[in-house]
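Using our numbering, you'd call the opening residue of the sequence shown number 2 and step up by one each time.
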Amino acid sequence: MHHGRALIPTARNKRTRAPSMAAPALERAEPRPPSIAREVRRRGTRAPAFALRERRLRERRPRLARDVTEAIGHVPFVRLNRMGEVCERHDLFLKLESCNPGGSIKEKNAAYLIKEAEARGLLRRGGTIVESSSGNFGIGLAMVGAARGYRVIIVVDAKTAPPMRRMLEAYGAELMDVPLSAMDAHGSMQVARMRKAAELAREIPGAWYPCQHLNPSNPEAHALYTAPEIEEAFSGPPDVIVLGISTAGQLAGVAKFFQRWYAGTKLVGVDVAGSAILGTPRHPYKMTGLGLSFVPPNFTPVALDAAYSISDQMAFSVCHALAKKEGLLLGASTGAIVAAGLAYAAPFVRRQEVVIINPDRGDRYLETVYNREWLAAQGIEILGDDVLMAAIRRLEPVSRETMMENAQHERA
């Protein structure tokens, strides 16, 4: 495997360094020029002591990871070339968080929150981690928990796909199912799962419940790692960053960094149609990885320059197009995020440099998003290229007024 860093010409006629897949996580594989991200970490030092200590150790031997948590991060950025004419006029790069060891960006949150809990004495040797998750965060906790010797219990529901269940069990996690009878009026199981996780954490001695949806530390992994990785890869700020909202950890963390140092970078948030977050009409949806039945505390509408609500059909259709046109088999939420990125970039006359954050890989969706029989059973038809691109061009962002009114109403 080639361990160097590919030089990529960009729209600004500068040469930028894209991170290598081989680089160990949360650390660069070779010395770089001073950057704002590096200075923030050097002087900052809002980073907890464990993060600073690990960084100093890894700087001595940057390619060697002492455990799986140090193999997380600095994933490749891959340019989109064949997803419509917008890719000819603008430079759209997917940040492939799917290349993390367990296949998703949520491993950053899992590793950070576990180490923070250890540092604060909330999680001790022989303890138990309990969480509500439909997949990726649970897998991240199970992976890190296995490496650090913890018992892990993940509360799941009927929407948790079989591959996700098998992956969780392969890491040694125990699964606790919430019955369909606990579903709310909009078809969501999230509140019921969270209630069950909190109950288990109270009952089990030495248990710790990170509660990703409500944890105020959830964004820190992205402020400390994801955002500086983008800054370092592009030797400065891209014009636009497009990311899924979900628990709003990514959004809050990336916004914390870029709005402090690069206020000109636009942030675009993406949610699935039917979710409660943006204030669009509520209805059931098949998407996992995006969507909530409530507005998460870390979500602040003013952090966004635009937001899009994307249907299951459009998201899944983009997933199929990415596999066939770009050779990228990626998760369901990536389809929604890419659709929003294409729609947002399209009207610009000046060439834009756009980073689109890919949360996870596609192999865990082979029985759903990439299964024609499952799609037919859900009444979802994959759109052809021309129809899909026309639908993306027609997308309109959710108004700021709608988002603000919804957030105020949901939190009242």
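The beta carbon of each residue, even a glycine, is placed where N, CA and C say it ideally should be. In this text the structure is predicted, and so the values were computed from the model without any measurement.
Check	Outcome
What are the start and end residues of each continuous beta strand (DSSP E) run of 3 or more residues lying completely inside the region 207 to 265, in chain order?	241 to 245
Considering just the uninterrupted stretch of the alpha helix (DSSP H) at ILE311, what are its terminal residues?	No alpha helix (DSSP H) contains ILE311, which is instead part of the beta strand (DSSP E) from 307 to 311.
One question on the structure: do ALA341 and VAL271 come within less than 8 Å of each other, judged by their Cβ atoms?	yes
Would GLU132 pass as a contact of TYR226 if the rule is Cβ separation under 8 Å?	no
Look at the alpha carbon of THR266 and the alpha carbon of PHE258, and state the distance between them as a whole number of angstroms.	11 Å
Could you name the residues that DSSP lists as bridge partners for SER133?	VAL156
Look up ASN14 in the DSSP assignment and say whether it is helix, strand or coil.	Low confidence applies to ASN14: its pLDDT is 37, below 50, so where it sits in the model is not reliable enough to give any reading.
Since LEU181 contacts ILE140 with CB under 8 Å, what's their CB separation in whole angstroms?	Contact doesn't hold; Cβ gap of about 23 Å is too wide.
Could you tell me which of ALA344, ASP306 and MET144 sits nearest to LEU252, measuring between CA atoms?	ASP306
Give every residue of the same chain whose Cβ lies closer than 8 Å to the Cβ of ALA228, excluding the five residues on either side of it in the sequence, and list them in chain order.	ALA38, GLY254, VAL255, LYS257, PHE258 and PHE259
In the DSSP assignment, find the unbroken beta strand (DSSP E) run with GLU354 in it and report its ends.	354 to 359
Going by DSSP, which residues form a beta bridge with MET390?	Bridge partners of MET390: none, in fact.
State buried or exposed for HIS187, treating a residue as buried only when at least 16 other CB atoms are found within 10 Å of its CB.	exposed
For LYS287, report the span of its alpha helix (DSSP H) as first-last.	Where LYS287 is concerned, there is no enclosing alpha helix (DSSP H), given that its DSSP letter is neither H nor E.
So what does DSSP say about SER36, is it helix, strand or coil?	Legend: pLDDT at SER36 = 49, less than 50; position of this residue unreliable, no value from coordinates given.
Comparing alpha-carbon positions, which option in ILE73, PHE94, GLY74 and SER310 lies nearest ARG80?	PHE94
Would the beta-carbon of PHE235 fall within 8 Å of that of GLU327?	no
Answer yes if the region 184 to 200 comes into contact with the region 108 to 117, meaning at least three C-beta pairs across the two stretches below 8 Å, and no otherwise.	no
So which of LEU123, LEU331 and VAL69 has the shortest CA-CA distance to ALA316?	LEU331
Quick check on ALA24: does DSSP put it in helix, strand or coil?	Its pLDDT being 32, under 50, ALA24 is placed unreliably in this model, and the value from its coordinates should be taken loosely. Here ALA24 sits in coil by DSSP.
Going by DSSP, what residue range makes up the alpha helix (DSSP H) through VAL296?	Neither: VAL296 is in no alpha helix (DSSP H) and is coded neither H nor E.
Under a three-way DSSP split, which group does ALA323 fall into?	Looking at the sequence shown, residue 323 is not Ala but Leu. In this structure, LEU323 counts as helix in the three-state DSSP scheme.
Three-state secondary structure (DSSP) at GLU382?	coil
Tell me whether ASP158 is buried or exposed, calling it buried when 16 or more other Cβ atoms sit within 10 Å of its Cβ.	buried
Rounded to whole angstroms, what is the Cα-Cα separation between LYS160 and ARG167?	14 Å
Consider the Cβ of LEU323: report whether some Cβ of chain D lies at a distance smaller than 8 Å.	Judged by its chain identifiers, the structure shown contains no chain D, having just a single protein chain.
In the DSSP assignment, find the beta strand (DSSP E) that holds LEU268 and state where it starts and stops.	267 to 273
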